[in-house]
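A.B. asks: If you count by our numbering, then the sequence shown holds residues 2 to 316, one letter each, in order. Quick one: this structure, given as structure tokens, is what I'll be asking you about.
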Amino acid sequence: MKLCFLVEEQYRHDGMPLDVIRQLSAWGHQVDVVWPGRSLIRISEAIQAGSHDAWVLKTVSGGPGLTLLEAAATVGLTTVNDARAIRGVRDKALAAVIAHRSGLPVPVTYAAARAAEFAELPDAAYPLVVKPADGSSGRAVRLVASPDRLLDPGFEAAGDGLLIAQPYVPNSGTDLKVYSVAGEIYATERCSPLHPAHTVRERQVPLTPEVARTAAEIGEVFGLDLYGADILLGPDGPVVVDINDFPSFRQVPDAVAKVSDAVLRLARTGGRMGSRTGVPGHPPAGGPAVTGRTAHTRPRVVLAKTRPAAAVGGA
């Protein structure tokens, strides 16, 4: 097969996706790599030619790669993930609305252009977790204990984009990172960016049925095949606090081979593994356009039974 990977500057040294690119090449496939941040792209020629079986994106939120992927999808080319689905999770404010409407367990979400605006919230809403709506990799995520801390230096230095705030979900200080590789679901745990002093050994862990259902529903609601989700185990059960397309897949056993194989299968099936019509009774209106697909197979839950594999990929 002939594939085109769009890789942003931030990931130019990361195992994901560079190890996947190397694996696909070793299997005999032709892989072209486009660096949107440091190369001239003859976009009309590249996209209209349609010479690739699929386009794959590894980009930062707001990076130029997503525009190129959407351009490819607009003219009918296959993309991994679906370009419309990626847009739905890259904007965290939009993702929160889609998730809430679809019945996923997400915190109440507020948005503002300046952190100081969150001071209007009642004291009962605190502590708050404040982060950029276009953030990634835990960048600029802050735990705000009270309204007066919103005036701390550095808040407005995070950027000019929209901020979101969510009430803090009490938890053990350990983040549960759940990955889906084209229907196979894995759970790992790592230290929370809100609790850097809490020592956590990053590892694969067993999935509970409730977390597995939540992770599978995320894929259905957003129309994603390769994705990760940050899930907290709060007092009332799992809570989804972040969703990422094409994440690092760290601690997923044989991650490079699994992701490489998934990219090929998605390319052969037109960039989809099955139906993406949302949680039954809650279609994602206003979100990704994902109708008209074939019946989706039930995701396979993968439990950790042996010693976890070594970390694969970048941050």
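Built from N, CA and C at the ideal position, the CB exists for glycine as well.
Compute the distance between the beta-carbons of GLY271 and ASP83, then report whether it is under 7 Å.
C.D. replies: Not in contact: GLY271 and ASP83 (Cβ atoms no closer than 7 Å).
A.B. asks: Which partner residues of TYR111 appear in the DSSP bridge assignment?
C.D. replies: Answer is ALA166.
A.B. asks: Rounded to the nearest angstrom, how far is the Cβ of THR80 from that of ALA74, given a contact under 8 Å?
C.D. replies: Yes, THR80 and ALA74 are in contact; Cβ-Cβ is about 5 Å, under 8 Å.
A.B. asks: Looking at the secondary structure, which residues open and close the alpha helix (DSSP H) in which PRO18 lies?
C.D. replies: PRO18 -> alpha helix (DSSP H) spans 16 to 27.
A.B. asks: Between the alpha carbons of GLY315 and HIS196, how many angstroms are there, rounded?
C.D. replies: Unreliable positioning characterises GLY315 in this predicted model, as indicated by a pLDDT of 33, which lies under 50. A coordinate reading is not provided.
A.B. asks: Residue range of the alpha helix (DSSP H) that PRO65 falls in?
C.D. replies: Run containing PRO65: 65 to 75, per the alpha helix (DSSP H) assignment.
A.B. asks: Using a 10 Å radius around the Cβ and a threshold of 16 neighbouring Cβ atoms, would you call TRP56 buried or exposed?
C.D. replies: So TRP56 ends up on the buried side.
A.B. asks: Tell me the DSSP secondary structure of ARG214 in three-state form.
C.D. replies: Three-state result, ARG214: helix.
A.B. asks: Measure the CB-CB distance between VAL222 and SER103 and report whether it falls below 7 Å.
C.D. replies: Yes. Within cutoff.
A.B. asks: Across the region 252 to 267 and the region 119 to 137, are there enough close Cβ pairs to call them in contact, namely three or more that are closer than 8 Å?
C.D. replies: Not touching, per the Cβ criterion.
A.B. asks: Count the other CB atoms within 10 Å of the CB of VAL212; is the residue buried (16 or more) or exposed (fewer)?
C.D. replies: So VAL212 counts as buried.
A.B. asks: Should SER193 go down as buried or exposed, given a rule of 16 or more other Cβ atoms within 10 Å for buried?
C.D. replies: SER193 comes out buried.
A.B. asks: Where do the N-terminal and C-terminal ends of the beta strand (DSSP E) with LEU206 fall, by residue?
C.D. replies: It is Val, not Leu, that sits at residue 206 in the sequence shown. Residues 204 to 206.
A.B. asks: According to DSSP, is TYR228 part of a helix, a strand, or is it coil?
C.D. replies: Strand, per DSSP.
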